[in-house]
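What follows is a short report on a single structure.
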Amino acid sequence: MRESTLVSAIVEALRAAPGLVVRKRHGTAWGVAGDPDLTGCYRGRHFELEVKTPAGALTRLQEARLAEWSRAGAITAVVRSVGEALAAL
26 MRESTLVSAI VEALRAAPGL VVRKRHGTAW GVAGDPDLTG CYRGRHFELE
76 VKTPAGALTR LQEARLAEWS RAGAITAVVR SVGEALAAL
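If you use this note's numbering, the sequence shown closes out at 114, no skipped numbers anywhere.
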(Lines of atoms letter the chains of each structure in order from A and count residues from 1; the text may use other names and numbers.)
(Lines give C-alpha, C1' and ligand atoms only; values in the text may rest on other atoms or scores of the structure.)
Protein backbone atom coordinates (compact mmCIF):
# COMPACT_ATOMS: atom_id res chain seq x y z
CA MET A 1 0.00 0.00 0.00
CA ARG A 2 1.24 3.47 -0.85
CA GLU A 3 1.70 5.95 1.99
CA SER A 4 -0.80 8.37 0.42
CA THR A 5 -3.47 5.65 0.37
CA LEU A 6 -2.77 4.85 4.01
CA VAL A 7 -2.95 8.54 4.98
CA SER A 8 -6.35 8.85 3.28
CA ALA A 9 -7.70 5.78 5.09
CA ILE A 10 -6.46 7.06 8.45
CA VAL A 11 -7.90 10.54 7.91
CA GLU A 12 -11.27 9.04 6.96
CA ALA A 13 -11.33 6.87 10.09
CA LEU A 14 -10.26 9.70 12.40
CA ARG A 15 -12.83 12.12 10.98
CA ALA A 16 -15.55 9.63 11.92
CA ALA A 17 -14.58 9.82 15.61
CA PRO A 18 -16.65 12.25 17.70
CA GLY A 19 -14.69 15.10 19.23
CA LEU A 20 -11.75 14.75 16.84
CA VAL A 21 -10.38 17.24 14.30
CA VAL A 22 -7.61 16.12 11.95
CA ARG A 23 -5.75 17.89 9.15
CA LYS A 24 -3.29 16.55 6.59
CA ARG A 25 -0.18 18.66 6.26
CA HIS A 26 0.89 19.36 2.70
CA GLY A 27 4.49 20.10 1.87
CA THR A 28 4.67 23.74 0.86
CA ALA A 29 7.21 26.52 0.98
CA TRP A 30 5.49 27.76 4.16
CA GLY A 31 5.54 24.39 5.91
CA VAL A 32 8.15 23.12 8.34
CA ALA A 33 10.34 20.37 6.91
CA GLY A 34 9.97 17.11 8.80
CA ASP A 35 6.70 17.98 10.54
CA PRO A 36 4.37 14.97 10.91
CA ASP A 37 1.79 14.14 8.24
CA LEU A 38 -1.29 14.58 10.40
CA THR A 39 -2.09 17.18 13.04
CA GLY A 40 -5.20 17.65 15.10
CA CYS A 41 -6.98 17.66 18.41
CA TYR A 42 -8.90 14.94 20.20
CA ARG A 43 -10.93 15.80 23.28
CA GLY A 44 -8.73 18.78 24.03
CA ARG A 45 -5.38 17.07 23.38
CA HIS A 46 -3.19 18.12 20.48
CA PHE A 47 -1.72 15.29 18.41
CA GLU A 48 0.89 14.80 15.70
CA LEU A 49 0.98 11.55 13.71
CA GLU A 50 3.66 10.48 11.25
CA VAL A 51 2.26 7.94 8.79
CA LYS A 52 4.58 5.28 7.39
CA THR A 53 4.03 2.12 5.39
CA PRO A 54 5.12 -1.08 7.13
CA ALA A 55 8.51 -0.83 5.38
CA GLY A 56 8.87 2.95 5.76
CA ALA A 57 11.50 4.47 8.03
CA LEU A 58 11.63 7.85 9.75
CA THR A 59 14.28 10.34 8.74
CA ARG A 60 16.37 11.96 11.47
CA LEU A 61 14.52 15.20 10.86
CA GLN A 62 11.14 13.48 11.31
CA GLU A 63 12.37 11.91 14.55
CA ALA A 64 13.50 15.34 15.76
CA ARG A 65 10.17 16.99 14.90
CA LEU A 66 8.17 14.28 16.70
CA ALA A 67 10.40 14.68 19.77
CA GLU A 68 9.91 18.46 19.64
CA TRP A 69 6.10 18.07 19.60
CA SER A 70 6.25 15.49 22.37
CA ARG A 71 8.30 17.80 24.61
CA ALA A 72 5.64 20.47 24.03
CA GLY A 73 2.98 18.09 25.37
CA ALA A 74 1.43 16.75 22.17
CA ILE A 75 0.43 13.13 21.69
CA THR A 76 2.88 11.83 19.08
CA ALA A 77 3.15 8.53 17.26
CA VAL A 78 4.40 6.81 14.16
CA VAL A 79 1.45 4.88 12.76
CA ARG A 80 1.42 2.18 10.09
CA SER A 81 -2.30 1.35 10.01
CA VAL A 82 -5.74 2.73 10.79
CA GLY A 83 -5.79 0.61 13.94
CA GLU A 84 -2.49 2.06 15.16
CA ALA A 85 -3.72 5.61 14.54
CA LEU A 86 -6.90 5.01 16.53
CA ALA A 87 -4.97 3.31 19.33
CA ALA A 88 -2.49 6.20 19.55
CA LEU A 89 -5.29 8.58 20.48
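From the three backbone atoms N, C-alpha and C, an ideal C-beta is built for every residue, glycine too.
Tell me whether the beta-carbon of K77 lies closer than 7 Å to the beta-carbon of V107. no
Hey, which unbroken runs of the beta strand (DSSP E) at 3 residues or more fall wholly within the region 57-85? 63-67 and 70-76
Could you tell me which of S95, G44, R96 and A99 sits nearest to R68, measuring between CA atoms? G44
If you check the beta carbons only, do A112 and I35 fall under 7 Å apart? no
Cα-Cα separation between A80 and R105, rounded to whole angstroms: Roughly 9 Å between the two C-alpha positions.
For the alpha helix (DSSP H) containing A42, name the first residue and the last one. Careful: A42 lies outside any alpha helix (DSSP H) and carries neither H nor E.
Relative to the C-alpha of S95, which candidate in A82, L83, L74 and A38 has its C-alpha closest? L74
In its own chain, which residues sit with a C-beta less than 8 Å from the C-beta of R48, not counting the 5 before and 5 after it? L63, T64 and G65
Going by C-alpha distance, which of L114, A42, F72 and L83 is nearest E28? L83
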